[in-house]
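**Q** Can you keep this structure in mind? I'll have questions shortly.
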Amino acid sequence: MTSFQSTIGDEEGIAEELAEGQREISIAEFFEKNKHMLGFDSGARGLVTAVKEAVDNALDATEEAGVLPDIYIEIEEVGDYYRLVIEDNGPGITKEQLPKVFGKLLYGSRFHAREQSRGQQGIGISAAVLYSQLTSGQPAKITSRPKGQSRAQYFELIIDTDTNEPEIKADEETTWDRPHGTRIELEMEANMRARQQLHDYVKHTAVVNPHARLELREPGLDEPLKFERATDELPAETEEIRPHPHGVELGALIKMLEATESYSVSGFLQEEFTRVGKKTADSVIDNFRDVYYGRELAWSPPRAHDDRDVAAAVADAVANKGKAATTAFAEGVAETVAGNDRLSRSELAAIVGNVAENVEGDTGKTFGGTVRENAVDAAWRAITGVDADGDAAGAADDGDGDDAESPLVADAYALVDDATSTRKDDAAVRAMAEALARRFANLDGEAFRIARDDLERLVADAANFVAEQRDATFGETARENVVEAFWSRARTVPDDPPKVKSIAGDRDAAADLLEAMRTTDILAPPTDCLAPITAELVEAGLRKEYDADFYAAATRDAEVHGGDPFIVEAGIAYGGEIPAEGSVELLRFANRVPLVYQRGACATTDVIKSIGWRNYGLDQPGGSGLPNGPAVISIHVASTNVPFTSESKDALANVPAIEDEIELAVREAARELKSYLNKRRSMQQRREKQDVLGKILPEMADKVSEVTGRSRPDIDGALARIMNNVSVEREVDGETVTLVVENHSDVNEQLEITDIVSAEPTDLSDGTVVDMDGEWFVQWKPEVPSGDERELTYAVDGEADFEVSVGGVETEKLTVNA
Amino acid sequence: MTTESDARDELIDLAADFYDQFAAGNIPEMTLPTRTKSNIEYDTESGVWTYGDRTSTRSANSVRGARKLLKAAYTIEFLADQLDEDRSSTLRELYYLSESWDNDEAQFSSQDESNDLVEDLEIVTGVTREDFHMRPEESGATLMGPLLIREQTRRGEREIHCQEDVGAGGYQIPNNPDMIEFLDDDIDFALAVETGGMRDRLVENGFDEEYNCLVIHLKGQPARATRRITKRVHDELDVPIAVFADGDPWSYRIYGSVAYGSIKSAHLSKYLATPEAQFVGIQPEDIVEYDLPADPLSDSDVNALESELDDPRFQTDYWEEQIELQLDIGKKSEQQSLASRGLDFVTDTYLPERLDAMGVI
C-alpha cells in the first residue's frame, strides 16, 4: 500500500476521498469481513479460538511475572449462548491498561518487539472480546487483582465499533479468592462441535508447557480435565532484541529512520540494530555509497613510453608559483600517479592534495584550492585523455586510426580481453572496448561515476552496439565478466553518506540503504530472545500426557530466516498406551502455542510426510505420507517472528530454512526411536528363539530317547549354549555401516570379525582394512564384556556387498544376522 | 540293497546320533550335502552326476533348524514303526499323518517339507525311500514290449508278459521296481517316451512288435520307479535305451534325469541314472531339418535353456550345440508335431532314421 499512496497522494483530492472512505468502515465490519482469517469463522471454531487467545495471554502474563501458570478454563451453557471463563494467577492488570489490552484491536506491547512470545499481533484476545460482543451483545466481564491488593477490580467492557475505542460500562470493587490474577468472562454464540479440537488444544498446551497447571471444565465432561505440571522451572526469560539488518522491510526502515535520534547513518545502524558495531556499520555504509553514489571507474596512469605527460600537464596548469616549486609539484604528482596501478579521480585529487601540502611545506609557496583543482583537471586529462567538456580524444570517430587513440580504449581493451573467452575475435574485443570507452566518456562529470546497475546497462548497450556493427556476440556471461572486471576495479567514493534525516525523506535513498544492509554479511542475531522448551522438557511434557514405552527429543541450535532467529525442537513418544491403529499423532507448536487447525496446510506436516519413516522403523504405506503406528511426534518452532500462512496462526508457512531445521530435529529424535525399535526387535527375536527352542529341544530329546529306547538325555548343556548367545547384527544407514555385537553370555567374549566389502570402506571406528583386488577385508578384534555391546562402524560410498565372518566364539553361541 | 531291518537300524542309529549329541552337551545337528546345481559333480567311475563335497548343516541352534530336527525325530519314529509292522504309506499320507502327532511344532507345513525331509533321511542313512516303505503318489511307468517278468505282490507271485498278457495300456510297474524279476525277453532296444499320446501312437502302429522294442511310458518327469526300471532294463537286459521327448528345455531335463540323475536325488544317481541313455528327439536340429510346426520360445523357455547351458549335466558338445541352435532359431516343437507329415511318419520314417543314425538299430 505504501507505494500506492505515495503516487496517488500527489493528487490531493483523491487521497482525501480515500481517507474519508476508509473511516466509514467500522471495526465491526472489518471484523465481519476478516473473521475467517482471525479464526472466528464458525461458532464451533470461534469458541476454540477464544479459549486459545485467552490461554495464550494468560500464559504470557504469568511467565512475564515469573509465576508458574495456574490456569482455569470453564465453558458453560447459558441459554442460547456459551459462557467462557478463563482465570489465571498472573500479575493482574492495572485499571489504565485493562481496557486497552482487552478492548482495542491491534493494541499490544509486542507488536513491534523482537522477542519470542505467544501472541505476536495483539489482535487475538480483543478479537475474542469483539466476537462475543457482536454475537451475544454482552460486554466482556473482567476481574483483575494485582498482587498485594486486598480487593479485586471488576469491569464490564465493550468496544465502540465505530471508533475502535473501548468503553468501560461498569467499574467496581469486588472480592476474589485468588490472591492475584485476571479473570475474563465472555458470552458468545457458539457450539461444542469442536470439542475434540478444544481438548487437543488444552492437552497439547499442557505437553508444551510442562511448567503450567491447566484445568478445563465444559458441559460434556463429568469430571474436569486436569493437567498437572511436570516441572517447577519457568521457561528461560527472553531478552528483547533490536531488529536484525537482514530482517527489516522498507516501510519499517523508513519509520525507524524518522524516529531515530541518531544523526549519522553509522550511528543509526549501530544504535537501532542488533549485531551492528562500528566495523559492520562501515561495511554497510561502503555498500550504501556504492549503491547510492555509484563507484568511480579507475584508469591506468600513462606508462613511460606514453606521450601523455602528467608532469607537463600539471606544470602547465600551475601559474605564478616559481619554477622550482612548480617543477617539484608537477613531478611529485606525476611520480605518485605513476606509482599507482589504477586511479580514480577522487584518488587523484587526494594525491594532488598530499603533494601540494608537501611542496608547500618545502617551498613556502601556497597551492590554493583553485590551483589544486586546475592541477587535478590537467592531470586527469592527461591520464584519461578526456577534455574538460567530456569528449574523449580519438574515441569519437570509428574510422581511421590516425588520431591518437583515447587511453580509455587501451585500458578497456585490456580489461575486456581479459574478461572474455580467448576465442573472441580480436576485432570484436577492440570494438567493444571502443564502444565502452565512448560511453564512459559520455558519463556525467569527469569522475566516471556509475552505479552497478547503470554499469550493467551501459555494458549491455555497448554489447548490443557491437553485435549490430560487427556481428560479434557478447553473451550474458561475457557481459557479466566485463561488468565485474570494471566494477571490481572501480573505487568506492570518499563522499560522506547523506544524513539520516535526508534518507528518511528520500524513499529511493532509503531503498538503497536497505539494499546495502541486505548485501552486507552480518552476524546472525543473538538467540537469547528465544526460549526453547529444551529437549529435556519436551520429553517431560510428552511423558506427562502420553503413557508410552519410549520417548526421545531433540533441540536444534538457533538458525536465522529473514533476520529472525528461530529454534526447532522435536519429540517422539512411541508404544505403550498410544493407539497403534491409523497414522501417528502430530503435535504442532509455534512459540509454545498448539496449532489445532489446518494441519494439512502446515510446513511441519509437509516435512513429516517427506521423511522416509520406514528407515526409522515406522510403517509408512507407500513409502511417503504420514507414518502409521503407536507414535506421537511433536514439533516446536520458536521464533521472534513465526511465519504463519494466515492471521489465524493455524499453520506454519513453507519457509525452506525452517523446514530444513524441522527435518533435522525430527530425524535426530527419530534416530533414537530407530535404535530403540531395532533393539526391541532383536530382543524380541532372541526371546522368541529362547521360547521356541526351550520348548522344542526337550520334546526332541524325549522323542529320540523314545525311539532309541534309552532314558532321557540331559540337555541342559545344549540349552545353555544356545541361550547364552552372542549376536552380530548389521545395520546400514545411508553410507554408514554398523555391526552391532551384543554379548548375552555370562563371560567376556573376544571376537574376531572380518567383513568383506565390495567397495572401499572409510572412517573405520577402529580395526584394520586390507585391500585384496577390489575387495576390502575389514577386521576388528573387539572384546565384549558379558551383557555389553559394541558398535563397529565404517562408511562406504554407494551400493556395496558385504560378507561377514565371525570367529573367536563357539558357533552354537553365535547368531549372525549380517 | 538293504533289507527292511537294516533300514530300520539305520534310522534308529540316526536317532541315537542325536541322543549322543544331547548327552555330550552339544546341540544336535545333521550334515547333508548341499543340494544345489552348483554342488553336483560328475562321477567318472559310474558316469553319473552325484553330490559334491559341499555340505550344509541342519542345527538345532536356530528356530528353523530345531523345528526341522524335531520333525526328523518324529518321522524317524513313524518310519521305524511302519517297518516294524510291515506296512507302507505314501509321501502324501506322511504329510497328513503328521497332523495326528501330539506336537504342533512337529507337524509339516507343506508336502514339499515332508518330501524334503524324507529325502534328507535317505541321504543321511543311505537307505532308499522305497526301503522305508514310502511310496510316491504318482504311479510309475507302463511297459509295452516283448518282456516276461515275475512280480512279487502282496497277493503272491504273478508272471506277466508285457505284450501278450496286458491290454493296450501296457504293464504298470509297481512302486518298488526291485520287486520284479526279468524272466525272458526278445528286446532289441527300449524307447522311453515322454507323452501318453506318442506312446499310444507307437503301440497302435505296432512299433514295439515291428522293431522288438520295449516302449517305456515316462509320463512326463519320470518317477523314481520309472528311472529305476529303465536302468534295470539297460543293465540287466543289456539293451540300448533311447529317450523320445518333446523338443523343449523341459523335455531335455526329462532326458537329463533319466540319463544323469536329478539334482534332488543325486544321492541315488548310481541307482537310478542310466548314463548310456541316448536322446532321440525332438532335437532342435529336427525342427529345422523336418520343417516341423513350431511355437516361439517363451521367456521362461529361454531362461530354462540358458540355465541348462550352466548345468553341469548338459555341458557336452552335443547339448551345447543343440541348445545354442534352439536359442538361435527361437522355436520349440512337440512330439505330436510329427503328425503334420501323417500319422505313420513317426514310426515309418522319423524313428527309423534317427535310431539308425544313433546306431541303435
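Same order as they appear, the protein sequences are chains A and B.
Read in the UniProt record's numbering, the first sequence has 688 at position 688, and its numbers run on one by one without any break.
Read in the UniProt record's numbering, the second sequence has 330 at position 330, and its numbers run on one by one without any break.
C-beta atoms are modelled at their ideal positions from N, C-alpha and C, and glycine is treated no differently.
Since the model is a prediction, treat every value here as computed from it, not as a measurement.
Would you mind listing the beta strand (DSSP E) stretches within the region 739 to 783 of chain A that are 3+ residues and don't spill past its ends, in chain order?
**A** With a minimum length of 3 residues, the continuous beta strand (DSSP E) runs that stay inside the region 739 to 783 of chain A are 752 to 757, 768 to 772 and 775 to 780.
**Q** Skipping 5 residues on each side, what residues in its chain have a beta carbon closer than 7 Å to that of residue 362(B)?
**A** Residue 362(B) lies beyond the residue range present for chain B, which begins at 1 and ends at 361; the question has no answer from this structure.
**Q** Of all the residues that make up the region 54 to 77 of chain B, which are near chain A by a beta-carbon distance shorter than 7 Å?
**A** Within the region 54 to 77 of chain B, the qualifying residues are A60, N61, V63, A66, R67, L69, L70, A73, Y74, I76 and E77.
**Q** For P565(A), which three-state DSSP category applies?
**A** For the purposes of this step, residue 565(A) is taken as residue 565 along the first sequence, with counting starting at 1. Of the three classes helix, strand and coil, the one that applies to P565(A) here is strand, per DSSP.
**Q** Taking CB distances under 7 Å as the criterion, tell me whether Q120(A) reaches chain B.
**A** On the first sequence, residue 120(A) is found 120 positions in, with the first residue counted as 1. No answer about Q120(A) holds up, because its pLDDT of 48 lies below 50 and its placement is not dependable.
**Q** Taking the continuous beta strand (DSSP E) assigned at N817(A), which residues delimit it?
**A** Stepping through the first sequence from its first residue, residue 817(A) is reached at position 817. L814 to N817 is the extent of the beta strand (DSSP E) around N817(A).
**Q** For a test of the three-state rule: what should DSSP assign to W49(B), helix, strand or coil?
**A** Taking the first residue of the second sequence as position 1, residue 49(B) is located at position 49. W49(B): strand per DSSP, three-state reduction.
**Q** Just to make sure I have the definition right: I need the residues of chain B whose C-beta is within less than 7 Å of the C-beta of I722(A). Which are they?
**A** Counting from 1 along the first sequence, the entry for residue 722(A) is found at position 722. In chain order: I27 and N61.
**Q** Can you find a C-beta in chain A that's less than 7 Å from the C-beta of residue 370(B)?
**A** Summary: the structure shown does not reach residue 370(B), with chain B confined to residues 1 through 361, and so no result is reported for it.
**Q** So, with DSSP's three-state summary, where would you put I241(B)?
**A** By 1-based counting over the second sequence, the position of residue 241(B) is 241. I241(B): strand per DSSP, three-state reduction.
**Q** Which residues mark the beginning and the end of the beta strand (DSSP E) in which E76(A) is found?
**A** What you label residue 76(A) is simply residue 76 of the first sequence in a count that begins at 1. Its beta strand (DSSP E) spans residues D70 to V78.
**Q** Helix, strand or coil: how does DSSP classify W299(A) here?
**A** In the first sequence, counting from the first residue as 1, residue 299(A) sits at position 299. Correct three-state label for W299(A): strand.
**Q** Report yes if the C-beta distance between L253(A) and A451(A) is below 7 Å; otherwise report no.
**A** One-based indexing of the first sequence puts residue 253(A) at position 253. One-based indexing of the first sequence puts residue 451(A) at position 451. Cβ atoms of L253(A) and A451(A): not closer than 7 Å.
**Q** Tell me, please, whether the CB atom of V806(A) is closer than 7 Å to any CB atom in chain B?
**A** Taking the first residue of the first sequence as 1, we reach residue 806(A) at position 806. Closer than 7 Å: no.
**Q** Going by the beta-carbon positions, is the gap between E729(A) and Q750(A) smaller than 7 Å?
**A** Counting from 1 along the first sequence, the entry for residue 729(A) is found at position 729. Counting from 1 along the first sequence, the entry for residue 750(A) is found at position 750. The answer is no: Cβ separation not under 7 Å.
**Q** Kindly list the residues whose CB is nearer than 7 Å to the CB of F273(A), restricted to its own chain and excluding five residues on each side of it in sequence; keep chain order.
**A** In the first sequence, the residue the question calls residue 273(A) occupies position 273. Answer for F273(A): R242, P243, H244 and P245, listed in chain order.
**Q** At a CB distance below 7 Å, what residues from the region 696 to 722 of chain A approach chain B? Give them in sequence order.
**A** Answer set for the region 696 to 722 of chain A: I696, L697, E699, M700, A701, K703, V704, S705, E706, V707, T708, R710, P713, D714, I715, G717, A718, R721 and I722.
**Q** Using a cut-off of 7 Å between C-beta atoms, extract the partners of K689(A) located in chain B.
**A** Position 689 of the first sequence, counting from 1, holds the residue named residue 689(A). Per Cβ cutoff of 7 Å: V63.
**Q** Hey, Q221(B) and I173(B): beta-carbon distance below 7 Å or not?
**A** As a position in the second sequence, residue 221(B) is number 221, starting the count at 1. As a position in the second sequence, residue 173(B) is number 173, starting the count at 1. No, these two residues do not count as a Cβ contact at 7 Å.
**Q** Considering R687(A), what are the terminal residues of the alpha helix (DSSP H) in which it resides?
**A** Within the first sequence, the letter at position 687 stands for residue 687(A). R687(A) -> alpha helix (DSSP H) spans P656 to T708.
**Q** Please go through the same chain and pick out, in chain order, the residues whose beta-carbon is closer than 7 Å to the beta-carbon of T125(B), but skip the five residues on each side of it.
**A** Sequence index remark: in the second sequence, residue 125(B) carries index 125 (1-based). Excluding positions up to five away in sequence, the list reads E10, L11 and L14.
**Q** Helix, strand or coil: how does DSSP classify T231(A) here?
**A** Counted from its first residue, the first sequence places residue 231(A) at position 231. If DSSP states are grouped into helix, strand and coil, T231(A) belongs with coil.
**Q** What's the call for E53(A), buried or exposed, on a 16-neighbour Cβ count within 10 Å?
**A** Along the first sequence, one-based indexing puts residue 53(A) at 53. It counts as buried.
**Q** Give a yes or no on contact between the region 283 to 292 of chain B and the region 260 to 274 of chain B, applying the rule of three or more CB pairs nearer than 8 Å.
**A** The answer is no - the region 260 to 274 of chain B does not touch the region 283 to 292 of chain B, with fewer than three Cβ pairs under 8 Å.
**Q** Taking only the alpha-carbon atoms, compute the straight-line gap between E151(B) and N26(B) and give it to the nearest angstrom.
**A** For the purposes of this step, residue 151(B) is taken as the residue at position 151 of the second sequence. For the purposes of this step, residue 26(B) is taken as the residue at position 26 of the second sequence. If I take the Cα positions, the gap works out to 48 Å.
**Q** Using a cut-off of 8 Å between C-beta atoms, extract the partners of E113(B) located in chain A.
**A** For the purposes of this step, residue 113(B) is taken as residue 113 along the second sequence, with counting starting at 1. Here the premise fails: no neighbours, minimum Cβ distance about 16 Å.
**Q** DSSP beta-bridge partners for M30(B)?
**A** By 1-based counting over the second sequence, the position of residue 30(B) is 30. Beta-bridge pairing links M30(B) to R58(B).
**Q** Between V55(A) and the rest of its own chain, which residues show a CB-CB distance below 7 Å, the 5 nearest in sequence each way excluded?
**A** Within the first sequence, numbered from 1, the residue matching residue 55(A) stands at position 55. Excluding sequence neighbours, V55(A) sits near I71, I73, I86 and T205.
**Q** For a quick check, are the C-beta atoms of G576(A) and A553(A) less than 7 Å apart?
**A** Translated into the one-based positions of the first sequence, residue 576(A) becomes position 576. Translated into the one-based positions of the first sequence, residue 553(A) becomes position 553. Contact flag unset, no.
**Q** Can you tell me which of the three DSSP states Q107(B) falls into?
**A** Taking the first residue of the second sequence as position 1, residue 107(B) is located at position 107. In the structure shown, Q107(B) sits in coil (DSSP, three-state: anything other than H, G, I, E or B).
**Q** Would you tell me roughly how many angstroms separate the C-alpha atoms of V207(A) and L537(A), rounded to the nearest one?
**A** On the first sequence, residue 207(A) is found 207 positions in, with the first residue counted as 1. On the first sequence, residue 537(A) is found 537 positions in, with the first residue counted as 1. Going by the C-alpha atoms only, they are around 9 Å apart.
**Q** Do L514(A) and I503(A) have their beta-carbon atoms positioned less than 7 Å apart in this structure?
**A** Locating residue 503(A) in the first sequence gives position 503, counting from the first residue. Locating residue 514(A) in the first sequence gives position 514, counting from the first residue. Going by C-beta atoms, I503(A) is not nearer than 7 Å to L514(A).
**Q** Less than 8 Å between the CB atoms is what I'm expecting for S333(B) and G206(B), so what's the real figure, rounded?
**A** Along the second sequence, one-based indexing puts residue 333(B) at 333. Along the second sequence, one-based indexing puts residue 206(B) at 206. About 25 Å separates the two Cβ atoms, so there is no contact after all.
**Q** Ordered along the chain, which non-local residues of its own chain (more than five positions away) have a Cβ less than 7 Å from that of A460(A)?
**A** If you number the first sequence from 1, residue 460(A) lands on position 460. Excluding positions up to five away in sequence, the list reads R479.
**Q** Which residues, taken in chain order from the region 1 to 25 of chain B, show a beta carbon closer than 7 Å to some beta carbon of chain A?
**A** Taking 7 Å as the Cβ-Cβ cut-off against chain A, the residues of the region 1 to 25 of chain B that qualify are I12, A15, A16, F18, Y19, F22, A23 and G25.
**Q** Give the DSSP-derived three-state secondary structure of I611(A) in the structure shown.
**A** Working through the first sequence from its first residue, we reach residue 611(A) at position 611. DSSP places I611(A) in coil when its eight states are reduced to three.
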